[in-house]
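Going left to right, the sequence shown walks through residues 8 to 71 as my numbering numbers them. See below for the structure under consideration.
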Amino acid sequence: MAAFEPRYSSKGVDLTSRIDDDLPTLWADYERLGQVLGNLLDNALRHTDPGGRVDVTATAADDD
């Protein structure tokens, strides 16, 4: 998230996150997961007008 903040700020788009503290362990490829998140954040910035907001949220629901 911190790596994307300067680009979001320069376009005038707020980038916020809410990550629950009690998330379950995720077994995944760290680099690929980072690549997916990066792609999503790039796309969100591209399609959000100045003055807009992008929220990133990670929560657990029903043990998932």
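Idealized CB from N, CA, C, for every residue including glycine.
Item: Which listed residue (V61, D36, D69 and A68) has its alpha carbon closest to that of D21; Value: V61
Item: Close Cβ partners of R39 (< 8 Å) along its chain, the five nearest in sequence each way excluded; Value: none
Item: Through-space distance from A51 to R14, alpha-carbon basis; Value: 12 Å
Item: CB contact check: R60 to chain B, cutoff 9 Å; Value: The structure shown contains no chain B; it is built from a single protein chain.
Item: Residues bridged to A65 [DSSP beta-bridge criterion]; Value: I26
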